[in-house]
Amino acid sequence: MTTGWVLFIALCVPMAPTVAAGLSEGSRQIYLLQKDGTEQSIGELVFSATPTGAFSYKMTLDHHLFKDYFLSMKEMKCLEGPELWCFIPYPYEQPRTVTADDLRWLEHDLLFMFKKPEAFGANFWNGIYYKMELTDEGIRGTAKALDLNLLASPPNDLSQPPVGEYDIDTADLEKRWLPFIEIR
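Those letters in the sequence shown? Residues -20 to -1, 1 to 164, by mature numbering (1 follows the signal peptide of the UniProt record, and there is no 0).
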């Protein structure tokens, strides 16, 4: 009789669906991850709900972690490791909003360029674009290759993210120092 009751209760109690964690208001840390999983917090994101159902965000990087480099006539903030990992701020106005289905503006705000420490100058074709997705733990991104020269002139429509799926390519993650990003 006990087995019957357990089955009856199991059939009557609705099961909660398993859904990936959604976006919500509040503060999150930004981590860059090495291939071995070693992580480094580089800053903070603060999400705020908007009336449209999207979330606006404010990003603050911890610039004390970055060293100043003067590369190709431009001052850059770079993390030092087996490669220099230089932050490239998105150069144009943008709304700084995301939804659970569209993280592209955040992807545009976390652009990097890599270079070997001994290499001369900045090679903007060595751009890193973290393609992001929502997971149960937060937001996770994987490094993709992007020629940052694409951003040398403003896009025709500033209301749409200019980097599209055909602009990014696979990156050799085994060769990259910081192939992953997590926001949690």
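Cβ atoms here follow ideal geometry from the backbone N, Cα and C, with glycine treated the same way.
(message) Does M53 pass the burial test, meaning 16 or more other C-beta atoms within 10 Å, or should it be called exposed?
(response) By one-based count along the sequence shown, residue 53 stands at place 73. When all chains shown are included, M53 counts as exposed.
(request) Compare the beta carbon distance of K38 and P159 with 8 angstroms and say whether it is the shorter of the two. (result) Indexing the sequence shown from 1 puts residue 38 at position 58. Indexing the sequence shown from 1 puts residue 159 at position 179. Not in contact: K38 and P159 (Cβ atoms no closer than 8 angstroms).
(message) Tell me whether the segment 93 to 102 and the segment 48 to 63 touch, counting them as touching only if at least three CB pairs, one residue from each stretch, are closer than 8 angstroms.
(response) yes
(request) State the DSSP-derived secondary structure class of W65, mapped to helix, strand or coil. (result) On the sequence shown, residue 65 is found 85 positions in, with the first residue counted as 1. The answer is strand: DSSP assigns W65 an E or B state.
(request) Count the other CB atoms, across all protein chains shown, that sit within 10 Å of the CB of H44; report buried if there are 16 or more and exposed otherwise. (result) As a first step, residue 44 is located in the sequence shown; it is residue number 64 there, counting from the start. Looking at its Cβ environment, which holds fewer than 16 other Cβ atoms inside 10 Å, H44 is exposed.
(message) Let me confirm a value: G107 is counted as buried when at least 16 other C-beta atoms fall within 10 Å, else exposed. Which label applies?
(response) On the sequence shown, position 127 is the one that residue 107 refers to. Buried.
(request) Tell whether a beta-carbon distance below 8 angstroms holds between F67 and W157. (result) As a first step, residue 67 is located in the sequence shown; it is residue number 87 there, counting from the start. As a first step, residue 157 is located in the sequence shown; it is residue number 177 there, counting from the start. Result no, Cβ atoms of F67 and W157 do not sit closer than 8 angstroms.
(request) Measure the CB-CB distance between Y109 and V143 and report whether it falls below 8 angstroms. (result) The residue you call residue 109 lines up with position 129 of the sequence shown. The residue you call residue 143 lines up with position 163 of the sequence shown. It is a contact, given that the beta carbons lie within the stated cut-off.
(request) Kindly indicate which three-state DSSP category E162 falls into: helix, strand or coil? (result) The residue given as residue 162 occupies position 182 in the sequence shown. Looking at E162 - three-state DSSP - the assignment turns out to be strand.
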